[in-house]
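The block underneath contains the structure these notes are about, expressed in C-alpha cells.
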C-alpha cells in the first residue's frame, strides 16, 4: 500500500498531504474534475452523493449533498483556478459550519514513467480549524483512487 | 478623518483592517457588489479599470483589468460566499503572481444609528506573502468610499 505523507505545519494553519500515484497527471487530474469519476473515490463507502452543481473550471463553483456513512449535509465552494493536468485551487465550506472556509491547492506533478506526485495543501484561518479538519478520510480516498486509476483507459 | 485599524497577526499569516462608516450596512455592502460603485473607490485616482467579469454572488467570479497610476495588469478571483448586507468571502490573485492566492472576508456589522463597522480579513499561505501584500491602498480607498457613501441615496 502506498504511504501518504501528511505534514502539519508548526508555524502556519496549513496541512499538506503528499501522495504518489502509478498514473500520469492527465488521469489523476481527470479523476478530480470529472464528477462521474470524482464521486467514485472521494467519499466513504456507502455514502450517497448528489452534485447540485459541479462546474470545475476557473471561476466555476460546486455544491454537493452527501448522505449516509455517518455523513449528512451539503458542502459548497468555488474553483479559483483550474489548470489542466497541473493545478486546482478551490475553496470549501461545510454548510453546517459556514465560518470554516478552507483554501485548497491540488498540485499535480509529472514524475515521468506514467507516475504523478499530488500535493494537496489546505489553509484555514486558525490552528483550531486546521486541527479540527485534519482528516484521515482523504488518505483512505486515495486508496480507492489507486483502484480507479487502474481501471481508467 | 476616520482611522482604519490595521492588525497584523503575529502568529498567523493574516491581516485584518477594521474601519467604521457613517452609512448603514446596506449602502456599504452595495458599494462593494455594484461594479459601477465599486470602481469609484477601490482603485487609485487616475487608474482605468475594466470589468471583464464581475458576478458578485455566491459561486460567481470576477476578472478585472487595471491600467494607469503605476498599475498595469489583471486580477481574478471567485466569490465563495456573498450574503446581502453581511458578508463577502472571496479569493484574489494578481495574474502577474499566480502563486499568490488571497482569501478575503469582508464582514459588515450594523452599529445602529446608520453606521457600519467593516472588518476586512486577508489570509495567505505564508508570512512573506502577507507582508508583501500589506497595502495602504485599501485604507486610502476607504476615504474615497466615505465620499461616495455621502452621495448615495
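Protein chains in written order, with our numbering: chain W, 1 to 153; chain F, 1001 to 1153. Don't be surprised by glycine CBs; every beta carbon is placed ideally from N, CA and C.
Check the Cβ-Cβ distances between residue 101 of chain W and every residue of chain F, and say whether any is below 8 Å. Yes, its Cβ sits closer than 8 Å to a Cβ of chain F.
Cross-chain neighbours of residue 1079 of chain F in chain W, by beta carbon under 8 Å: Within chain W, the C-beta atoms nearer than 8 Å to that of residue 1079 of chain F come from 78, in chain order.
Alpha carbon to alpha carbon, how far is residue 65 of chain W from residue 38 of chain W? The straight-line gap from Cα to Cα measures roughly 14 Å.
Buried versus exposed call for residue 90 of chain W [16 or more other C-beta atoms within 10 Å across all chains shown]: Counting other Cβ atoms within 10 Å of its Cβ, residue 90 of chain W reaches 16 or more and is therefore classed as buried.
For the stretch 1081-1094 of chain F, list every residue whose C-beta sits within 8 Å of some C-beta in chain W, in sequence order. Taking 8 Å as the Cβ-Cβ cut-off against chain W, the residues of the stretch 1081-1094 of chain F that qualify are 1081, 1089, 1091 and 1093.
Just checking, does the stretch 22-38 of chain W make contact with the stretch 7-14 of chain W on the three C-beta pairs under 8 Å criterion? Cβ pair count under 8 Å is below three, so no.
Which runs of the beta strand (DSSP E), 3 residues or longer, sit entirely within the stretch 1039-1086 of chain F? You should have 1048-1054, 1061-1068 and 1071-1083.
Helix, strand or coil for residue 101 of chain W per DSSP? The answer is coil: DSSP assigns residue 101 of chain W none of H, G, I, E or B.
What number of angstroms, rounded off, separates the C-alpha of residue 68 of chain W from the C-alpha of residue 45 of chain W? Distance between the alpha carbons of residue 68 of chain W and residue 45 of chain W: 9 Å.
Listed in chain order, which residues of the stretch 53-77 of chain W have Cβ atoms closer than 9 Å to some Cβ of chain F? Shown in chain order are the members of the stretch 53-77 of chain W whose Cβ falls below 9 Å from a Cβ of chain F: 53, 55, 58, 59, 60, 61, 62, 63, 76 and 77.
Considering only their Cβ atoms, is the gap separating residue 1111 of chain F from residue 1117 of chain F smaller than 8 Å? Taking C-beta atoms as the reference points, residue 1117 of chain F and residue 1111 of chain F count as a pair closer than 8 Å.
DSSP bridge partner residues for residue 1028 of chain F (one or two, in chain order): Partner(s): none; residue 1028 of chain F has no beta bridge.
Beta carbon of residue 88 of chain W nearer than 8 Å to that of residue 32 of chain W: Closer than 8 Å, so yes.
List the endpoints of the continuous beta strand (DSSP E) containing residue 10 of chain W. Secondary structure note for residue 10 of chain W: it is in no beta strand (DSSP E), with a DSSP letter that is neither H nor E.
Partner residues on chain F for residue 25 of chain W, Cβ-Cβ distance less than 8 Å: For residue 25 of chain W, there are no neighbours in chain F by C-beta distance under 8 Å, as the nearest C-beta there is about 18 Å away.
Along chain W, which residues have their Cβ under 7 Å away from the Cβ of residue 1128 of chain F? Within chain W, no C-beta atom comes nearer than 7 Å to that of residue 1128 of chain F; the closest sits roughly 11 Å away.
Residues bridged to residue 147 of chain W [DSSP beta-bridge criterion]: Its beta-bridge partners do not exist; DSSP assigns none.
From W/79, W/75, W/115 and W/120, pick the residue whose C-alpha is nearest to that of residue 100 of chain W; which is it? Checked all of W/79, W/75, W/115 and W/120; the closest Cα to residue 100 of chain W is W/75.
Could you give the distance in angstroms between the alpha-carbon of residue 1041 of chain F and the alpha-carbon of residue 1034 of chain F? Taking the straight line joining both Cα atoms gives about 12 Å.
Taking buried to mean at least 16 other C-beta atoms within 10 Å of its own C-beta, is residue 1083 of chain F buried or exposed? Residue 1083 of chain F sits exposed, since fewer than 16 C-beta atoms from the chains shown fall within 10 Å of its C-beta.
Could you please give the first and the last residue of the uninterrupted alpha helix (DSSP H) stretch that includes residue 120 of chain W? No alpha helix (DSSP H) contains residue 120 of chain W, which is instead part of the beta strand (DSSP E) from 115-123.
Can you tell me where the alpha helix (DSSP H) holding residue 131 of chain W begins and where it ends? It spans 127-133 - the alpha helix (DSSP H) in which residue 131 of chain W sits, taken as one unbroken run.
Whole-angstrom C-beta distance between residue 54 of chain W and residue 77 of chain W, which should lie under 8 Å: Not confirmed; about 11 Å, so no contact.
Going along chain W in order, which residues have a C-beta closer than 9 Å to the C-beta of residue 1123 of chain F? The answer, in chain order, is 13, 101, 103, 123, 124 and 125.
Could you tell me the distance, in whole angstroms, from the CA atom of residue 144 of chain W to the CA atom of residue 63 of chain W? Residue 63 of chain W has its alpha-carbon roughly 22 Å from the corresponding atom of residue 144 of chain W.
Find out if the Cβ-Cβ distance for the pair residue 1002 of chain F, residue 1113 of chain F is shorter than 8 Å. No. Outside cutoff.
If distances are taken between C-alpha atoms only, which option among W/81, W/43, W/52 and W/73 comes closest to residue 60 of chain W? When each option's Cα is compared against that of residue 60 of chain W, the closest is W/81.
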